[in-house]
Amino acid sequence: MDNVSLAFLLTLLAGLSTGIGSLIAFFSKRTNAAFLSISLGFSAGVMVYVSFVEILAKAQEALVSFYGTQKGETFTVLAFFAGIILIAIIDKLVPDYENPHEPRLESDLEHLKSETVSTSNLERMGIFSAFAIAIHNFPEGLATFAAALSDPALGLSIAVAIAIHNIPEGISVSVPIFYATGSKRKAMLYSFLSGLAEPVGALLGYFLLRSLFNDFVFGILFAVVAGIMIYISIDELLPTARKYGREHQEIYGFIAGMAVMAISLILF
Numbered sequence: 191m192d193n194v195s196l197a198f199l200l201t202l203l204a205g206l207s208t209g210i211g212s213l214i215a216f217f218s219k220r221t222n223a224a225f226l227s228i229s230l231g232f233s234a235g236v237m238v239y240v241s242f243v244e245i246l247a248k249a250q251e252a253l254v255s256f257y258g259t260q261k262g263e264t265f266t267v268l269a270f271f272a273g274i275i276l277i278a279i280i281d282k283l284v285p286d287y288e289n290p291h292e293p294r295l296e297s298d299l300e301h302l303k304s305e306t307v308s309t310s311n312l313e314r315m316g317i318f319s320a321f322a323i324a325i326h327n328f329p330e331g332l333a334t335f336a337a338a339l340s341d342p343a344l345g346l347s348i349a350v351a352i353a354i355h356n357i358p359e360g361i362s363v364s365v366p367i368f369y370a371t372g373s374k375r376k377a378m379l380y381s382f383l384s385g386l387a388e389p390v391g392a393l394l395g396y397f398l399l400r401s402l403f404n405d406f407v408f409g410i411l412f413a414v415v416a417g418i419m420i421y422i423s424i425d426e427l428l429p430t431a432r433k434y435g436r437e438h439q440e441i442y443g444f445i446a447g448m449a450v451m452a453i454s455l456i457l458f
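Residues in the sequence shown are numbered from 191 upward in steps of one, following this note's numbering.
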C-alpha cells in the first residue's frame with residue numbers, strides 16, 4: 191500500500207471512531223469513567239509529546255532548510271501559534287452548551303431523558319453537535335493525513351490518539367438524537383457522518399496542496415498541525431479526562447501516553 195492510500199485509510203479510521211462512541215452509549219449500561227479518563231489522558235500525552243518532539247521539529251527542519259535558520263525558526267513559531275489561534279476561533283464560534291469539546295459527564299446527559307426537555311431541542315442539539323464536531327474534525331483529518339504521508343509510523347500514533355478522543359464526541363452526538371427520535375440508526379448515522387469530516391479534510395488538503403508541496407508548505411502545515419493538537423489536548427482532552435476521572439488518573443494516562451510515544455519514536 192502506498193503512503194497516500196495508507197494515510198487516507200488511517201484518517202478514515204480515526205474519523206469513524208465517533209461511531210464507537212455511539213455503540214458504547216447504546217450497548218453499555220454505564221461508561222467506565224476511570225477507563226475513559228485514562229484513555230483521554232493517554233491520547234493527550236501522545237499528542238503533546240509528538241507535537242513538541244517530532245512534528246514541530248520536522249516543521250522547523252523544513253522551514254530552516256527553505257529560509258535559513260533565523261527566518262525558518264521565526265516562521266515555525268508563527269505557524270505554530272497560528273494553528274492554536276485557528277482552532278481557538280473555531281471553538282469560540284460554537285456555543286458552550288452545544289460544543290462537543292466542552293466536557294460533559296454521562297450524568298449530565300441523563301437529564302435529556304426528562305420530559306421538561308423538548309424532543310425538538312434535543313434533536314437540534316444533537317445535529318448541532320454533529321456539525322460542530324465536523325468543523326473540528328476537518329483540521330484533525332488534515333493533521334493525521336499529513337503526518338502519515340510524511341511518516342506512516344507517526345501517522346499511526348496520531349490516528350490512534352485522535353480516534354480515542356473522537357469516542358466521547360460520538361456519544362455527545364448520538365445520545366440527544368436517540369432520546370429525541372428513539373432511532374438508534376439515525377443517531378449512529380449522524381455520529382458517523384460527523385467523523386467523515388476527517389477524511390474529507392485530508393482529501394481536500396491533499397488535492398489543494400499537492401501541486402504546491404515543498405519544504406515551505408510542509409513546514410508551515412506541520413507547525414500549524416502541532417498548534418492544533420496542543421490546543422485540543424489542553425482545551426479538550428485533559429479537562430474532559432479530569433472530569434471523568436479521580437486520583438490523578440488522567441495524569442497517569444497522560445504520562446503513559448508520552449512514554450509510549452517516546453518509545454515508539456525510538457524504536458521506529
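Glycine included, C-beta positions come from ideal geometry on N, C-alpha and C.
Ile245 is a Cβ neighbour of Ala416, given a cutoff of 8 Å. Nearest to Ser195 by C-alpha distance, out of Ala324, Ser233 and Phe335, is Phe335. Scanning its chain for C-beta atoms nearer than 6 Å, with the 5 sequence neighbours on each side dropped, one finds around Ser227 the residues Ala431, Tyr434, Gly435, Gln439 and Glu440, in chain order.
Within 10 angstroms of the beta-carbon of Lys282 lie fewer than 16 other beta-carbons, which makes it exposed. His355: member of the alpha helix (DSSP H) spanning Pro342 to Thr371, first to last residue.
A Cβ-Cβ contact shorter than 8 Å links Ala249 with Ala413.
Between Ile354 and Ser229, the alpha-carbon positions lie close to 7 Å from each other.
Here Asn327 really is in contact with Ser384; their C-beta atoms are around 7 Å apart, less than 8 Å. Per DSSP, the unbroken alpha helix (DSSP H) holding Asn193 starts and ends at Asn193 to Leu206. Counted as a single uninterrupted DSSP element, the alpha helix (DSSP H) harbouring Phe232 occupies residues Ala223 to Val240.
In the structure shown, Asn404 falls within a coil segment according to DSSP collapsed to helix, strand and coil.
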